[in-house]
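**Q** Below you'll find the structure I mean.
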Amino acid sequence: MKTRHVPLLLLAGLALSGSVLAEEAEIAVTTAPAIDPQAMQALDRMGAYLRGLETFSLRADDAIDEVLDSGQKIQLTKTVELQVRKPDRLRADITTDRKAREIFYDGKHFTLLAPEARYFTTVEAPPSIREMIAAVETRYGIEFPLVDLFQWGEDADAAADIQEAMLVGVSKIDGQMADHYAFRQDEIDWQIWIAQGEAPLPLRYVITTKDEPGEPQYMANLTWDTQAKPADAVFTFTPTKDDHPIAIVVQDETPATQEDAPK
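Below, the structure written as structure tokens:
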């Protein structure tokens, strides 16, 4: 088992305490389990709580690294506002440094709108949020932000991919106490801050992609309203005279199938 990195403040304290204490601390660290059961239990508790939410709104303020060919990192920011009413209503308003997108799902149709250009596409969709997300990603290559958080615990393979898990410590995020956990997998390292108390909501999320040049990082701060009850109109897109319908590109389909792509 490889020795874990010890926080700098702890190292400083050990240096003042002498070599004997340092050696004892080193033994304690190297013999700690690679996967702390407490960290895995915290993920399961968070996942169960999120899956149990029937309605909520969520704002995610995130930043992601874009690595140039020169190796220099450029940071791009994005704001995602989600409104959800399970099992079949979802609205997402996404604003980045470069563009804006709005997503509507009313249980029957999925609509993607570019509000600045006023172009939109509407296609038929499966009758649940989970099925819709999978179908849209597979057929059209559209990925939903933070979707892995809401599906945690449904797929046993996700936990099996974790090679290391640890409790880092306790943090305060926007005045709320949170437990800070760190995890390692083959291709990514990731951290999550989970609120203490009866509502174990994720408050911050960091992913480092290890198998890409420059190891770009993604970070999101999450603000929740679990009492939100959005109305039906929130999830339904009604085009105006200024909105223009366009076709959506189907991914990995034969030319014959593409002719049937929804307009």
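Counting from 1, position 160 in the sequence shown corresponds to residue 158 in our numbering; the numbering is continuous, with no gaps.
Glycine residues also receive a C-beta, built at the ideal position from the N, C-alpha and C atoms.
(1) What distance in whole Å lies between the Cβ atoms of Pro200 and Ile190, which are believed to be in contact at a cut-off of 8 Å?
(2) For Asp95, collect the residues of the same chain with a Cβ closer than 8 Å to its Cβ; drop the 5 residues on either side in sequence, then sort them by chain order.
(3) Buried or exposed: which applies to Thr238, given that a residue is buried once 16 or more other Cβ atoms fall within 10 Å of its Cβ?
(4) Compute the distance between the beta-carbons of Ile192 and Thr206, then report whether it is under 8 Å.
(5) Can you name the start and end residues of the alpha helix (DSSP H) that Asp42 belongs to?
(6) Per DSSP, what kind of secondary structure is Asp177 in: helix, strand or coil?
(7) To which residues does DSSP link Asp187 through a beta bridge?
(8) Less than 8 Å between the CB atoms is what I'm expecting for Phe118 and Ala226, so what's the real figure, rounded?
(9) Excluding the five sequence neighbours on either side, which residues of its own chain have a C-beta within less than 6 Å of the C-beta of Asp184, listed in chain order?
(10) Quick one: measure Cβ to Cβ for Phe102 and Val134, integer angstroms, because I've assumed they're closer than 8 Å.
(11) Rounding to the nearest angstrom, what Cα-Cα distance links Arg43 and Gly195 in this structure?
(12) Taking only the alpha-carbon atoms, compute the straight-line gap between Leu56 and Gln39 and give it to the nearest angstrom.
(13) Exposed or buried, which one is Val82 when buried takes at least 16 other CB atoms within 10 Å?
(14) Just grab the DSSP bridge partners of Tyr117 for me.
(15) Please tell me whether Asp91 and Glu100 are closer than 8 Å, where the distance is taken between their beta carbons.
(16) Please determine if the segment 58 to 66 and the segment 228 to 245 are in contact, where contact requires at least 3 C-beta pairs separated by less than 8 Å.
(17) Tell me the residue span of the beta strand (DSSP E) that contains Val263.
(18) Could you compute how far the alpha carbon of Ala112 sits from the alpha carbon of Val78?
(19) What are the residues that DSSP puts in a beta bridge with Arg89?
(20) Closest to Ile171 by C-alpha separation, out of Leu220, Ser126 and Asp146, would be which residue?
(21) Give me whichever residues DSSP pairs with Arg57 in a beta bridge.
(22) Let me confirm a value: Ile72 is counted as buried when at least 16 other C-beta atoms fall within 10 Å, else exposed. Which label applies?
(23) Looking at Met164 and Ile37, is the spacing between their C-beta atoms short of 8 Å?
(24) Starting from Leu165, follow the beta strand (DSSP E) in both directions and report where the run begins and ends.
**A** Well, looking at it:
(1) At roughly 6 Å, the Cβ-Cβ gap stays under 8 Å, so Ile190 and Pro200 are in contact.
(2) Cβ contact annotation for Asp95 (same chain, cutoff 8 Å, sequence separation greater than five): Leu74, Thr75 and Lys76, in chain order.
(3) Counting Cβ neighbours within 10 Å, Thr238 comes out exposed, since fewer than 16 surround it.
(4) Judged by their CB atoms, Ile192 and Thr206 are not nearer to each other than the 8 Å cut-off.
(5) DSSP places Asp42 inside the alpha helix (DSSP H), whose first and last residues are Pro35 to Gly50.
(6) Here DSSP, grouped into helix, strand and coil, assigns Asp177 to strand.
(7) Partner residues in the beta bridge of Asp187, as assigned by DSSP, are Arg182 and Thr206.
(8) Actually they are not in contact, since the Cβ atoms of Phe118 and Ala226 sit about 25 Å apart, beyond 8 Å.
(9) Closer than 6 Å at Cβ, skipping near neighbours: no residue.
(10) So it is not a contact: roughly 12 Å between Cβ atoms.
(11) Distance between the alpha carbons of Arg43 and Gly195: 11 Å.
(12) Straight-line measurement puts the Cα of Gln39 at about 24 Å from the Cα of Leu56.
(13) With 16 or more other Cβ atoms within 10 Å, it is buried.
(14) DSSP lists Ala112 and His242 as partners of Tyr117.
(15) Yes; because the gap between Cβ atoms is below 8 Å, this pair is in contact.
(16) No, the segment 58 to 66 does not touch the segment 228 to 245.
(17) Absent from the model: residue 263. The displayed extent of the chain is -1 to 261, so no value can be given.
(18) One C-alpha to the other measures close to 14 Å.
(19) Beta-bridge pairing links Arg89 to Gln81 and Phe102.
(20) The shortest C-alpha separation from Ile171 is found at Leu220.
(21) BP columns for Arg57 point to Glu79 and Thr221.
(22) Around the beta carbon of Ile72, a 10 Å sphere encloses fewer than 16 other beta carbons of the protein chains shown; the residue is thus reported as exposed.
(23) The sequence shown places Ala at residue 37, not Ile. Yes, Cβ-Cβ distance for Ala37 and Met164 is below 8 Å.
(24) Unbroken beta strand (DSSP E) run through Leu165: Glu162 to Ile171.
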